[in-house]
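Enquirer: Structure below; questions to follow.
In the working numbering, the protein residues as written are 69 to 697.
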């Protein structure tokens, strides 16, 4: 949310903490090329819709179920609370956002809005809301629903838990008519074509009382206007969805989409091998090797959108100034943090743990997002140097005793705990290396692998943690989770913070980048934020893991990756993968009667013509097969 994948995922803080991935959510506009033009020119020419290959309907055929193995629990089915990657991925399927991302290069394209235009001073944004979107209960989806969604987030702090950073700068949101949404800003905001906020039906959600506790998981089917409808959910068992037959882009091809929970990755892979699931992600190198030559299974290994990091507890606190948690006070010393990171061998982690299915970590934004990718200078870089780490500690006054234990300023041994995700074998493997490397410095480390890291994380009861987020095309969300404004209001609240970081210099840069429309200038500010985060030592990005995943070719004939050239299937910035997936035993035809070409990619098949009145009309084709359930 961002999306967090996190290792915690897209903001995922919270309501179980993620592993983000977002909110990743993360949460975004790719400020290059067409996206830049959308901001500066005042309007966009939306591209045509992606259309799934038509499926031939047959009364005799069996139901086609696409089953996806997931290992991350759902934190909430409420779009106002959800921050984990699994949850936010589900919401991308169930609700429309104002804009979407082209699967080819992630530039902004129409979603619930067909066009958008800023005023000359960039303080008023007017969106044209599509006329051909309906809620799954048959009621029309209009600009009023969008206005209510944003207004609720502006006025109710609990409704702003997951995505509040997007509306914090909003002054007023109105819907003068069903197809017009007007957002007035307090100051310029560069994320206005990347508002990754699910639009919810006003007539359903206005009945909700307490947005802090309503998880939207008791009444099914859940009313939405995305390509799928959530029909059932059992905690840590499954989430079931069916195609939305009235979805404006076209009905998904599979009869049912099921996300099935597996606590153990090996169990998920075994289920894939047996054909019990169609798709599995987050594969270990050993699992990928075991599957790459298997019959009817295709392994997808592509540059990922995640980072994998160490996070230190800077001292948990809330906005009201109250401190809480039991994080080690010694970790608030920059010298300690620097020494620990000087004793982390990123190259070994990439080679031995990820076995080459990752690249060495540097800045906060993965290299996949070239515009924002930052690398430290040679003089700034914290290289692996155990001897230098020992010198750093010695210079800062942390001496060793006769037993070789490093002592804190209070004379007690430096022993730390690190939160580890029990379902992630990478955490466990890296934890063993850290115990070895830091042990040579005289520092002890207890690796605490838990099924639920959310509770201690939110309570501030940890010293270090394995962290990670899925980053969105626009990095605003994953940057916002390190601002002072993301701290919880009180110790009892969740907040949107990733790791309780609150740094004035970082906040000042954040405020400047979010108000900067010039793409080059904004990218420079983002890189300066990454530099500041690196220098504080609160976060140590160790690696950028590949997206290593696999699917059964005897169940899935074609599916969209994002980006199309070499991208991921799971955790996309959009709904392209599951919406486009075609069953393997289905005959597919193109519009001209030809056969399917395999992976479905590209959004520009239909040209959009600007209407004289300033609106943008989209010509769309509905896939055949009409009532695909």
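All C-beta atoms, glycine included, are put in the ideal place defined by N, C-alpha and C.
Using a threshold of 8 angstroms, state whether the C-beta atoms of residue 349 and residue 623 are closer than that.
Expert: Contact flag unset, no.
Enquirer: Closer than 6 angstroms by C-beta to residue 606: which residues in its own chain qualify, once you throw out the five before and the five after it? Chain order, please.
Expert: For residue 606, where only same-chain residues beyond five positions count, the Cβ hits under 6 angstroms are 380, 382, 569.
Enquirer: Mind checking if residue 145 is an interface residue toward chain D, Cβ cutoff 8 angstroms exclusive?
Expert: Included in the structure is just one protein chain, with no chain D present.
Enquirer: Residue range of the alpha helix (DSSP H) that residue 600 falls in?
Expert: From DSSP, the alpha helix (DSSP H) with residue 600 extends over 587–604.
Enquirer: Please identify the residue among 553, 160, 566 whose C-alpha is closest to the C-alpha of residue 572.
Expert: The candidate whose alpha carbon is nearest that of residue 572 is 553.
Enquirer: Identify, in the order they occur along the chain, each residue of the same chain with its Cβ nearer than 6 angstroms to the Cβ of residue 583, setting aside the five sequence neighbours on each side.
Expert: Only 255, 256 meet the Cβ criterion.
Enquirer: Assign residue 182 to one of three DSSP states: helix, strand, or coil.
Expert: Correct three-state label for residue 182: strand.
Enquirer: Beta strand (DSSP E) containing residue 608: first to last residue?
Expert: Run containing residue 608: 607–613, per the beta strand (DSSP E) assignment.
Enquirer: With respect to the alpha helix (DSSP H) encompassing residue 404, which residues constitute its N-terminal and C-terminal limits?
Expert: Unbroken alpha helix (DSSP H) run through residue 404: 402–410.
Enquirer: Residue 409 and residue 450 - do their beta-carbons sit closer together than 8 angstroms?
Expert: Result yes, Cβ atoms of residue 450 and residue 409 sit closer than 8 angstroms.
Enquirer: Could you tell me the distance, in whole angstroms, from the CA atom of residue 298 to the CA atom of residue 460?
Expert: Cα-Cα distance, rounded: 54 angstroms.
Enquirer: List the whole-angstrom C-beta distance separating residue 378 from residue 534, where the pair is believed to meet the contact cut-off of C-beta under 8 angstroms.
Expert: So it is a contact: roughly 7 angstroms between Cβ atoms.
Enquirer: Alpha carbon to alpha carbon, what distance is there between residue 485 and residue 151?
Expert: Each residue's Cα considered, the two are about 25 angstroms apart.
Enquirer: Based on the DSSP output, what are the partners of residue 728 in its beta bridges?
Expert: This structure gives no information on residue 728, because the portion of the chain shown stretches from 69 to 697.
Enquirer: Is the beta carbon of residue 290 closer than 8 angstroms to that of residue 162?
Expert: Yes. Within cutoff.
Enquirer: Under DSSP, the beta strand (DSSP E) around residue 171 begins and ends at which residues?
Expert: Where residue 171 is concerned, there is no enclosing beta strand (DSSP E), given that its DSSP letter is neither H nor E.
Enquirer: Excluding the 5 residues flanking residue 590 on each side, which residues of the same chain have their C-beta closer than 7 angstroms to its C-beta?
Expert: Same-chain partners within the cutoff: 99, 258, 581, 584.
Enquirer: If you drop the 5 nearest sequence neighbours on each side, which residues of the same chain put their C-beta closer than 6 angstroms to that of residue 263?
Expert: Closer than 6 angstroms at Cβ, skipping near neighbours: 166, 234.
Enquirer: If residue 192 and residue 252 are in contact, beta carbons under 8 angstroms, what's the gap, nearest whole angstrom?
Expert: Their Cβ separation, rounded to whole angstroms, is 5 angstroms, which keeps residue 192 and residue 252 in contact under 8 angstroms.
Enquirer: Take residue 202 and list the residues in its own chain whose beta-carbon comes closer than 7 angstroms to its own, dropping the five residues that flank it on each side.
Expert: Closer than 7 angstroms at Cβ, skipping near neighbours: 208, 209, 293, 314.
Enquirer: If you follow the beta strand (DSSP E) that residue 195 is in, where does it begin and where does it stop?
Expert: Taken as a continuous stretch (DSSP letters only), the beta strand (DSSP E) holding residue 195 covers 192–197.
Enquirer: Output the distance between the C-alpha atoms of residue 649 and residue 599, rounded to the nearest integer angstrom.
Expert: Going from the Cα of residue 649 to the Cα of residue 599 covers about 40 angstroms.
Enquirer: Taking the continuous alpha helix (DSSP H) assigned at residue 203, which residues delimit it?
Expert: Element bounds for residue 203: n/a, residue is neither H nor E.
Enquirer: Start and end of the alpha helix (DSSP H) containing residue 379?
Expert: Here residue 379 belongs to no alpha helix (DSSP H); instead the beta strand (DSSP E) covers 374–380.
Enquirer: Taking Cβ to Cβ, would you say residue 510 is nearer than 8 angstroms to residue 468?
Expert: Taking 8 angstroms as the Cβ cut-off, residue 510 and residue 468 qualify as a contacting pair.
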